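The listed protein sequences derive, respectively, from chains A and B.
Mind the numbering: the first sequence is residues 0 to 479 in numbering that gives the first Met the number 0, read in order.
Mind the numbering: the second sequence is residues 0 to 479 in numbering that gives the first Met the number 0, read in order.
Protein chains: 2
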Amino acid sequence: MTKDLGITVKKSVDFSDWYTQCVLKSGIADYSPGKGFIILRPYGYAIWENIKEILDDQFKKTGHKNGFLPVLIPESLLTVEKNHFEGFMPEVYWVTKSGNNDLGEKLAVRPTSETLAYSMFSKWISSYRDLPLKLNFWNSALRAEIKSTKPLIRNSEFLWQEGHTAHSNEKEASDEVRMILDLYKMLIEQYLAIPTVSGLKTDKEKFVGAKYTTCLESLMPDGKALQMATSHNLDQNFSKPFEIKFLDKDTAEHFVWQTSWGISWRVIGALIMVHGDDKGIILPPKISPTQVIIVPIYKDESKEIVKQKAYELENKLKDSNIRAYTDDRDEYTSGWKFNEWEMKGVPLRVNIGIRDIREEKVELIRRDTRERFYVKEKDLVNETLSILENIQSNMYNLAKNYLVTNTRNATHLDELLSLLDSTGGFVACSWCGKRECEDLVKEKTTADIRIIPFNTRKNISSCIACGKEGTTEVYFGRAY
Amino acid sequence: MTKDLGITVKKSVDFSDWYTQCVLKSGIADYSPGKGFIILRPYGYAIWENIKEILDDQFKKTGHKNGFLPVLIPESLLTVEKNHFEGFMPEVYWVTKSGNNDLGEKLAVRPTSETLAYSMFSKWISSYRDLPLKLNFWNSALRAEIKSTKPLIRNSEFLWQEGHTAHSNEKEASDEVRMILDLYKMLIEQYLAIPTVSGLKTDKEKFVGAKYTTCLESLMPDGKALQMATSHNLDQNFSKPFEIKFLDKDTAEHFVWQTSWGISWRVIGALIMVHGDDKGIILPPKISPTQVIIVPIYKDESKEIVKQKAYELENKLKDSNIRAYTDDRDEYTSGWKFNEWEMKGVPLRVNIGIRDIREEKVELIRRDTRERFYVKEKDLVNETLSILENIQSNMYNLAKNYLVTNTRNATHLDELLSLLDSTGGFVACSWCGKRECEDLVKEKTTADIRIIPFNTRKNISSCIACGKEGTTEVYFGRAY
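The structure is reproduced here in structure tokens:
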């Protein structure tokens, strides 16, 4: 691999450039000719497919079903819930023509599907027997990002799933909101190896139209916060304007209680930011499309023997459900392959050459710690299983340690500002709950309340902004 | 189930109304508020997921990888290949605004992705080492259908997959075109139980921009033809305007040879048309989300015992990889359930009641023939496996018989017209290959050349239109 095919800037020197190079050069994504849009290349899509499979399985196990909604939504539907419409209006793409003809009514390109889905819910739901209705949609959403875009983190179109449910009582809806948030947390922590903080958004930051929004927030290595997923309790805010009513067993008519929730490919961006190093990205084994890359090292005379052994090892690993792959391309040198797979972040590499075959051993190279060591060929499968597990937990622990270290406390505005300016991260503060105080901090520090953590301190001191009695602990942070 | 919840018109009386009722009442799809658009409901989406899984597995086994392309395509890209643009122009939805701002350049809502994909191919391909490049995209395409729409058959947005490949030589590209067509045939015949005719489109009917289009055509029960899938050889028609070149081993620069291919949810529409009866749809076992529906029949005092037995049977069937499901809802009667599952086309029903449990037997009801019979409880799994297989082949054979019976020959225009008017179906004719003759037949009969079959008669007679020497056999038909 020639020099500029690799990552040419250090993560610690220019984090933003490093990130973009990682995304582009590892084959995760590329820029589309349309401004603000990106393309997911096979390597990136394979990661998304893994994420999808894990969540889809959980959604189905918890009684959700998939469907399809059109991407174009008539303007009149979008305006039914006023706050919702006003929130999304500035970033909606509008279809105004088909062929050369002007349309009678403008069509919005899906920014999210609440309005379309709920116009159908009012048709599908009439009795308690139709509830709960728990639907999910794997699609993409479009929101025009004019200013700053960043591949996977902020684009004009992104892959995601959106869940929409309707329930016959309030408790079932609020349980659903929390259950889904926990599923997201499971995915992000256990598979993507990224620790998260769970909690609530403030009224200012919640989803437009929701009663409240629960979310998961994580910290990126530059000290900025990233929202990873959200799960909203919509209460009856949509069921009333959309007239989604049901006849209960008591023959009384009620409006349904609703939830909506989503997670996007942004988590792939987080994965790259959190775990990557100067050589490229590093994928946690549980989510990596390829877990073990086998590189046969040969000269012309040993080629067939070494390749055969590589395939044999690959099959043994596959038999134990390890996603192994042999890079048997003759047109690239071993050195080139090492660099490429390192950049692509495959967690474990197996080098196998003619001498190793004779000595019945193989060389293993860990991507995370870059340690190299030999194992006996007969121990390969067991060693691999245990190393992959170790890599997974090592990656999580490193990230967890970063999160803990970079979550600090402040009791005064100047302390908060100095922490944000020096180390970034989350700054835990007491807050009185007033919007004015939230706005004041934003004005003085450019930081938002990222989250009101579920797990909060017992001792609330005075509000960071007004100094009056605090009612809750919140995490401030500068965000993507 | 009250009367109007069921299908209220006979298939033989009003085929079109019958079809629409089947689609809507079985829970496959529903109309979206946006004109021309439909929603796929969970039952329809589950069928699509099965189709997707079968094809995706085959695509991956044959070396294809999935990716994601944005749904909005800059106008300038779409115009690069002139014929292609002109072909799609009348039905393209255009985004002209984001929020309240006019866009500098209009964005087309994806009618198909050749142009966007190939603008990327020119960036990704530079050497023979980058070839073949074989990508696939599971997404939706939008083409404004102003006049007649029909759910799943003709809508303004449809779910599909589009494959796009680039090759270093002509033969590899033409082999790919045919290999993909065979995969589609395998899906449609072996899983959907619909016989197809494989062949070529005429130049008039081929994909705009292709060298040639191969396709699969089927016959619907009203005698109309339906195009089921297409696979195109693009030759170098796109690689030249998009400048997709590669340096070969001989260090010479060549344009790549390309293919594109797609299949849409239309095949679900075909499935309903071909197999359904007056009671609703009938799903072939291999594609049916639920293969066996178990209905426990109980009074209050036997409820728990019968339900437990039903779950036990369900688990036994599942252990043999049969997709079984127990309808244990108390709020519906058994009769209601029978009608509902009949309408939804589950291929086999198991009735189990307290007397059956005592006598260690269960009642089976076939959806296709509506036969009812008892089997010993201990034989349930084996009987089910063999019946499901029998249903699958029975459904295919019935449809095959219809196709064969309704493929007739004509040697004169008036004979062709009278066949089309009386029985419809395919009419095999000799053709001289001239566009004028194709147009003349269309004008006189409203029928198109649906396909030039690969398997053709040896003896070509004179052209059906001009009477001069015929060069090939073609199938005329009126089409959806």
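Note that beta-carbon positions come from the ideal geometry of N, C-alpha and C, so glycine has one too.
Remember, it's a predicted structure, so these values are computed and weren't measured experimentally.
Residue-chain proximity (residue i, chain B), Cβ-Cβ < 8 Å
i                : result
Gly344 (chain A) : no
Lys64 (chain A)  : yes
Met0 (chain A)   : The pLDDT assigned to Met0 (chain A) is 45, lower than 50, so where the model puts this residue is not dependable, and the model offers no usable value.
Pro41 (chain A)  : yes
Arg128 (chain A) : yes
Glu48 (chain A)  : yes
Glu85 (chain A)  : no
Pro32 (chain A)  : yes
Phe36 (chain A)  : yes
Ser417 (chain A) : no
Val361 (chain A) : no
Met88 (chain A)  : yes
Leu134 (chain A) : yes
Ala269 (chain A) : no
Tyr44 (chain A)  : yes
Ala143 (chain A) : yes
Burial state of residue i (16 or more Cβ within 10 Å)
i                : result
Pro73 (chain B)  : buried
Pro284 (chain B) : buried
Phe372 (chain A) : exposed
Ser112 (chain B) : buried
Arg328 (chain A) : exposed
Pro89 (chain A)  : exposed
Asp367 (chain B) : buried
Ile145 (chain A) : exposed
Gly103 (chain A) : exposed
Gly208 (chain A) : buried
Thr445 (chain B) : exposed
Glu175 (chain B) : buried
Asp13 (chain A)  : exposed
Leu4 (chain A)   : exposed
Gln391 (chain B) : buried
Asn236 (chain B) : buried
Ser167 (chain A) : buried
Phe337 (chain A) : buried
Chain A contact for residue i (CB, 8 Å cutoff)
i                : result
Asp29 (chain B)  : yes
Val108 (chain B) : yes
Ala323 (chain B) : no
Ser139 (chain B) : yes
Lys467 (chain B) : no
Met119 (chain B) : yes
Leu246 (chain B) : no
Leu115 (chain B) : yes
Rounded distance between the beta-carbons of residue j and residue i, thought under 8 Å
i                : j                : result
Ile6 (chain B)   : Lys278 (chain B) : 7 Å
Leu158 (chain B) : Ser139 (chain B) : 5 Å
Trp340 (chain B) : Arg348 (chain B) : 6 Å
Ala409 (chain A) : Ile463 (chain A) : 7 Å
Leu134 (chain B) : Gly66 (chain B)  : 5 Å
Gly424 (chain B) : Leu218 (chain B) : 6 Å
Leu191 (chain A) : Ile286 (chain A) : 6 Å
beta-carbon residue i near the ligand GTP non-hydrogen atom, thresh 7 Å
i                : result
Leu218 (chain A) : Only the bare structure without any ligand can be found here, which leaves the ligand GTP out of the picture.
Near-chain A residues of the segment 90-104 of chain B (beta-carbon distance less than 7 Å), N- to C-terminal order | Residues passing the 7 Å Cβ filter: Glu90, Val91, Tyr92, Trp93, Val94, Thr95, Lys96, Ser97 and Gly98.
Please specify which runs of the beta strand (DSSP E), each continuous and at least 3 residues long, are wholly inside the segment 399-479 of chain B, giving them in chain order.
-> With a minimum length of 3 residues, the continuous beta strand (DSSP E) runs that stay inside the segment 399-479 of chain B are 406-408, 425-430, 447-452 and 471-476.
Using a beta-carbon distance cut-off of less than 9 Å, what residues from the segment 66-80 of chain A approach chain B?
-> Gly66, Phe67, Leu68, Pro69, Val70, Leu71, Ile72, Pro73, Ser75 and Leu76
Alpha helix (DSSP H) runs contained entirely in the segment 138-199 of chain A, provided each spans 4 or more residues = 169-184
Give the residues from the segment 145-178 of chain A that approach chain B closer than 9 Å (Cβ to any Cβ), ordered along the chain.
-> Against chain B - using a Cβ distance shorter than 9 Å - the residues of the segment 145-178 of chain A are Ile145, Asn154, Ser155, Glu156 and Leu158.
Along the segment 310-341 of chain B, what residues have a CB closer than 7 Å to any CB found in chain A?
-> Glu330
Would you mind listing the beta strand (DSSP E) stretches within the segment 347-388 of chain A that are 3+ residues and don't spill past its ends, in chain order?
-> 347-352, 360-365 and 371-375
Against chain A: residues of the segment 271-304 of chain B by CB proximity under 9 Å = Cβ contacts with chain A come from no residue of the segment 271-304 of chain B.
What residues in the segment 422-436 of chain B have a beta carbon less than 8 Å from any beta carbon of chain A?
-> none
In chain order, which alpha helix (DSSP H) runs of at least 4 residues are fully inside the segment 44-111 of chain A?
-> Within the segment 44-111 of chain A, the complete alpha helix (DSSP H) segments of 4 residues or longer fall at 74-77 and 81-87, listed in chain order.
Whole runs of the beta strand (DSSP E) within the segment 224-275 of chain A, excluding any shorter than 3 residues | If you keep only unbroken beta strand (DSSP E) runs of at least 3 residues inside the segment 224-275 of chain A, you get 224-234, 244-246, 252-254 and 256-263.
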